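Oh and the sequence shown: position 344 is 344 in the UniProt record's numbering, straight run, nothing missing.
Don't be surprised by glycine CBs; every beta carbon is placed ideally from N, CA and C.
A quick note: this is a predicted structure, and the numbers were derived from the prediction, not measured.
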Amino acid sequence: MTSWCRLWIYNYGLLVKPLYELLKNSQTQLTWTDEAKRAFKELKLELMRAPALGLPGITKPFWLFSNERQGVALGILAQRLGPYKRAVAYFSKQLDEVSKGWPGCLRAVAAVVLIVQEARKFTLGQKMVVHTSHAVTSVLEQKGGHWLSPSRFLKYQAVLMEQDDIEIVTSAVINPASFLSNKQEMKTAVHDCIETIETVYASRPDLKDEPLEEADHTWYTDGSSFVKNGVRMAGYAVTTTDQVLEAKSLPKGTSAQRAEIVALVRAPELAKGLHVNIWTDSKYAFGVVHAHGAIWKERGLLTAQGKGIKHADIILRLLEAVQLPSAVAIMHCKGHQKGNADREVGDKLADYEARQAAEQGDETLSLIPEKSLPLPESSEYDEKDQKLITDLEAKIGLSGWAVLKDNRIIIPFRLLWALTKTEHDKTHWRTEEKIVARNLFQTVKSVVDRCEACLKNNPKVENRVKFGSIGKGNVPDQNWQIDFSELPRKGGYRYLLVLTDTYSGWPEAFPCRTNKARERFGVPEVTSSDRGPHFVSQAVQQASKFLEINWKLHTAYRPQASGQVEKMKNTIEQNLAWGLDSPVHLFKPGDWVYVKIFQVILLKRNGVALFKFCSQPTLQLSLRSTLRGSTIRELRKHLLDHGNLSLRDQPVLP
1 MTSWCRLWIY NYGLLVKPLY ELLKNSQTQL TWTDEAKRAF KELKLELMRA PALGLPGITK
61 PFWLFSNERQ GVALGILAQR LGPYKRAVAY FSKQLDEVSK GWPGCLRAVA AVVLIVQEAR
121 KFTLGQKMVV HTSHAVTSVL EQKGGHWLSP SRFLKYQAVL MEQDDIEIVT SAVINPASFL
181 SNKQEMKTAV HDCIETIETV YASRPDLKDE PLEEADHTWY TDGSSFVKNG VRMAGYAVTT
241 TDQVLEAKSL PKGTSAQRAE IVALVRAPEL AKGLHVNIWT DSKYAFGVVH AHGAIWKERG
301 LLTAQGKGIK HADIILRLLE AVQLPSAVAI MHCKGHQKGN ADREVGDKLA DYEARQAAEQ
361 GDETLSLIPE KSLPLPESSE YDEKDQKLIT DLEAKIGLSG WAVLKDNRII IPFRLLWALT
421 KTEHDKTHWR TEEKIVARNL FQTVKSVVDR CEACLKNNPK VENRVKFGSI GKGNVPDQNW
481 QIDFSELPRK GGYRYLLVLT DTYSGWPEAF PCRTNKARER FGVPEVTSSD RGPHFVSQAV
541 QQASKFLEIN WKLHTAYRPQ ASGQVEKMKN TIEQNLAWGL DSPVHLFKPG DWVYVKIFQV
601 ILLKRNGVAL FKFCSQPTLQ LSLRSTLRGS TIRELRKHLL DHGNLSLRDQ PVLP
């Protein structure tokens, strides 16, 4: 509520800042600090005081006095009253988190912009003289590009420079009481904003952004990062206009920003003790060394939001490397320029060498197995090994080992496990092509099955489960496929129950109020469906078990199992959507609801089922009698008493 009176309370933002900090910690239980208590008491006193503000008059010019303290933009809007200036409004507004991390002179620029925007609501285009203790225009023009984003920079320019209703005056007076005094002379600022920013926030005090006149060398740096064959490759280079000083590849996956910073790090490291000019075409690397790096280091390598910065390790190395040359100037130039000046030639050479270094660093390591086996000096074959040598017609060599015609060596069975384990651990490759032994396959398989690396990386080859077959009935009404479809609600009906006889293809479809159904043609022998919740429910499964129905649930990983009923369901839904002449007929409650949408003519492979979908059957089974039936005999007797089904006008068989 006090915010409504902020225009009449001087330094309102500073007064309530401790109270806002109190609410940030907890909004349910407040822990009052001494600072918060003092701020609350002062705020109550300010609310009880009579406002000492005059009414603004748009016919007179305005004076705006701006200041920034503790991240809060403060301002006083005044008009002349006789020999004095009378305040007509007080302004206070918090700077955003990004602006709070800027140097003090840039924070003053942001404060002026915020206060000017608020003051224009009162001035309505009248002339306004803005007094501030900082060189706002010079700071914005010379240092704004290093700290401000392009959109924010354009916004500040539009507010301060592109409108003729304000005049910015730099003054050394920052006390609001002095602003409102009758002293007309205003002293100039006692500090140089540009020099202050360069001294305090640059990586080194004498770092320049313009070329040194008496430099020993002029070097060009560039980094390259690109994707080749699905792999990100990176490299950097430090060159002159005609000579490569250093060009190396970087680890795969290195980003372009990191490659540019690495290149800029290596240049001052190579120029230790020299006077050097260094050019880079990376705005990011240039901003780090001239503006952001020192502030990040002061914050503990954190952003304004408190998060860690990227490439923190290489940025710290850059801040240390800049101190090595005796004198250094780091400049920015546009990349990929077509020109013959030294700047364009040097940048193109650095870019080319960085890309070449990245490509040359693409080395592929290969595992080449040894051709010879680490065999003992003597071989000891037992009787079974001797029989194998005789059967394979191997010859005993000079070293005493039996060798086949294809140069494979027969290994004694007692040495087979140790030799196989040793050779497998080298490259995890097969050794059957080099040796022959009894039970070789079983031994190799046992070694591989116990190898942890092979178990983690080798694909598992398992026998696939064969697809089962969908049962087809031998006679009509023996095997049904069933499924529910959800339709737009109408007349209390929401679901469409679709049943298809797997033998004849006879379709049944009728609306339901819920997804709970009852049999229409009696008790089938087999019913199959998907695993919908209305089919797998305990009540449905127990009822089917009671009625001796073999209910088969299709697997969710094989939707083709319900293909017959799904196809019929989709066909009915499409025809309902097309709005045919014979829509769904809804009868009064208690009667069966039948669908007469279209005619279905099916000719099965055995030529038995040729019929048309027509009127509703006469047989009706009440749900109550089905639930109360105690034995299957009563249910079957009820079915037999009703006799055959009556299909009006249309024969079942041709």
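Round the Cβ separation of I330 and I278 to the nearest angstrom and send it over; I've been treating them as touching at under 8 angstroms.
One-based indexing of the sequence shown puts residue 330 at position 330. One-based indexing of the sequence shown puts residue 278 at position 278. About 5 angstroms; that satisfies the 8 angstroms criterion.
Which class does H424 belong to by DSSP, given the choice of helix, strand or coil?
The residue given as residue 424 occupies position 424 in the sequence shown. If DSSP states are grouped into helix, strand and coil, H424 belongs with the helices.
Can you tell me whether S66 is helix, strand or coil according to DSSP?
As a working mapping, residue 66 is identified with position 66 in the sequence shown. It is a strand residue.
C333 - containing alpha helix (DSSP H), residue span
Within the sequence shown, residue 333 is the residue found at index 333, counting from 1. C333 -> no alpha helix (DSSP H), and no H or E assigned at all.
Would you mind sorting S178 into buried or exposed? The rule is 16 or more other CB atoms within 10 Å of its CB.
Residue numbering aside, residue 178 sits at position 178 when the sequence shown is read from its first letter. Any reading at S178 needs caution, since the residue's pLDDT is 46, under 50, leaving its predicted position unreliable; the model's value is listed next. Classification of S178: exposed, given that the 10 Å Cβ count is below 16.
Straight-line CA distance for Q257 to A312?
The residue you call residue 257 lines up with position 257 of the sequence shown. The residue you call residue 312 lines up with position 312 of the sequence shown. One C-alpha to the other measures close to 12 angstroms.
Assign D501 to one of two classes, buried (16 or more other C-beta atoms within 10 Å of its C-beta) or exposed (fewer than that).
Along the sequence shown, read from residue 1 onward, the residue named residue 501 stands at position 501. Flag for D501 reads buried.
Select from R414, W401, A237, C333 the residue whose C-alpha is nearest the C-alpha of P211.
The count along the sequence shown starts at 1 and reaches residue 211 at position 211. For the residues R414, W401, A237, C333, the minimum Cα distance to P211 belongs to C333.
Would you kindly check if the distance between the Cβ of Y156 and the Cβ of V113 is under 8 angstroms?
Position 113 of the sequence shown holds residue 113. Position 156 of the sequence shown holds residue 156. Contact: yes.
Mind the definition here: the region 136–145 touches the region 74–83 only if three or more C-beta pairs lie below 8 angstroms; say whether that holds.
no
Can you tell me the Cβ-Cβ gap for I115 and S66, rounded? I've got them flagged as a contact below 8 angstroms.
Here residue 115 corresponds to residue number 115 of the sequence shown, with the count starting at 1. Here residue 66 corresponds to residue number 66 of the sequence shown, with the count starting at 1. Yes, they are in contact, since the Cβ atoms of I115 and S66 sit about 5 angstroms apart, within 8 angstroms.
For P150, count neighbouring C-beta atoms within 10 Å of its own C-beta (all shown protein chains included) and say buried if the count is 16 or more, exposed if not.
In the sequence shown, counting from the first residue as 1, residue 150 sits at position 150. Result: exposed.
Limits of the alpha helix (DSSP H) - the one that S99 falls within
Residue mapping note: residue 99 aligns to position 99 of the sequence shown, counting from 1. Unbroken alpha helix (DSSP H) run through S99: 97–100.
Does I58 pass the burial test, meaning 16 or more other C-beta atoms within 10 Å, or should it be called exposed?
Sequence index remark: in the sequence shown, residue 58 carries index 58 (1-based). So I58 counts as exposed.
As a quick exercise: from I411, F153, A111, T218, pick the residue whose alpha carbon is nearest that of K387.
Translated into the one-based positions of the sequence shown, residue 387 becomes position 387. Selected option, being the one with the closest Cα: I411.
Should A89 be labelled buried (16 or more other beta-carbon atoms within 10 Å of its own) or exposed?
In the sequence shown, residue 89 corresponds to position 89, counting from 1. A89 is buried by the Cβ-count criterion.
Please state whether DSSP places T31 in a helix, a strand or coil.
For the purposes of this step, residue 31 is identified with residue 31 of the sequence shown, where counting begins at 1. Coil, per DSSP.
My output table needs one value for E246: the three-state DSSP class, helix, strand or coil.
On the sequence shown, position 246 is the one that residue 246 refers to. Of the three classes helix, strand and coil, the one that applies to E246 here is strand, per DSSP.
Through-space distance from W417 to Q442, alpha-carbon basis
Counting from 1 along the sequence shown, the entry for residue 442 is found at position 442. Counting from 1 along the sequence shown, the entry for residue 417 is found at position 417. Between Q442 and W417, the C-alpha separation is close to 10 angstroms.
Inter-residue Cα distance where the pair is S92 and T33:
Translated into positions along the sequence shown, residue 92 becomes position 92. Translated into positions along the sequence shown, residue 33 becomes position 33. Each residue's alpha carbon lies about 23 angstroms from the other.
Are the Cβ atoms of V288 and L316 separated by less than 8 angstroms?
Stepping through the sequence shown from its first residue, residue 288 is reached at position 288. Stepping through the sequence shown from its first residue, residue 316 is reached at position 316. No, these two residues do not count as a Cβ contact at 8 angstroms.
Bridge partners for I485 per DSSP, in chain order?
By 1-based counting over the sequence shown, the position of residue 485 is 485. Here the sequence assigns Ser to residue 485, which means Ile is not the residue at that position. Per DSSP, L496.
How should V227 be labelled, buried or exposed, when 16 other C-beta atoms within 10 angstroms of its C-beta is the threshold for buried?
Locating residue 227 in the sequence shown gives position 227, counting from the first residue. V227 should be labelled exposed.
Where do the N-terminal and C-terminal ends of the alpha helix (DSSP H) with P268 fall, by residue?
For the purposes of this step, residue 268 is identified with residue 268 of the sequence shown, where counting begins at 1. Looking at the DSSP string, the run of the alpha helix (DSSP H) that includes P268 is 256–270.
Just to confirm before moving on: does the CB-CB distance between V276 and A215 stay below 8 angstroms?
Reading the sequence shown from its first residue, position 276 is the one you call residue 276. Reading the sequence shown from its first residue, position 215 is the one you call residue 215. Taking 8 angstroms as the Cβ cut-off, V276 and A215 qualify as a contacting pair.
Residues bridged to V169 (per DSSP):
Counting from 1 along the sequence shown, the entry for residue 169 is found at position 169. DSSP, once it has assigned bridges, lists H131 as partnering V169.
Can you look up G75 in the DSSP assignment and give me helix, strand or coil?
In the sequence shown, counting from the first residue as 1, residue 75 sits at position 75. Three-state DSSP puts G75 in a strand.
Pull up the distance between the alpha-carbon of L14 and that of L43, whole angstroms please.
Start at 1 with the first residue of the sequence shown, and residue 14 comes out as number 14. Start at 1 with the first residue of the sequence shown, and residue 43 comes out as number 43. Approximately 10 angstroms between the Cα atoms of the pair.
Quick check on M233: does DSSP put it in helix, strand or coil?
Here the question's residue 233 lines up with position 233 in the sequence shown. If DSSP states are grouped into helix, strand and coil, M233 belongs with the strands.
Output the distance between the C-alpha atoms of R69 and Q94, rounded to the nearest integer angstrom.
Within the sequence shown, numbered from 1, the residue matching residue 69 stands at position 69. Within the sequence shown, numbered from 1, the residue matching residue 94 stands at position 94. Straight-line Cα distance between these residues: approximately 10 angstroms.
With DSSP run on the structure shown, which of helix, strand or coil describes W219?
Locating residue 219 in the sequence shown gives position 219, where the first residue counts as 1. In this structure, W219 counts as strand in the three-state DSSP scheme.
Reduced DSSP category for D406 - H, G, I as helix; E, B as strand; rest coil
Here residue 406 refers to the residue found at position 406 of the sequence shown. Three-state result, D406: coil.
How is the alpha helix (DSSP H) around L392 delimited, first residue to last?
The residue you call residue 392 lines up with position 392 of the sequence shown. Run containing L392: 383–392, per the alpha helix (DSSP H) assignment.
Where does the unbroken beta strand (DSSP E) through P511 begin, and where does it stop?
In the sequence shown, residue 511 corresponds to position 511, counting from 1. Run containing P511: 507–512, per the beta strand (DSSP E) assignment.
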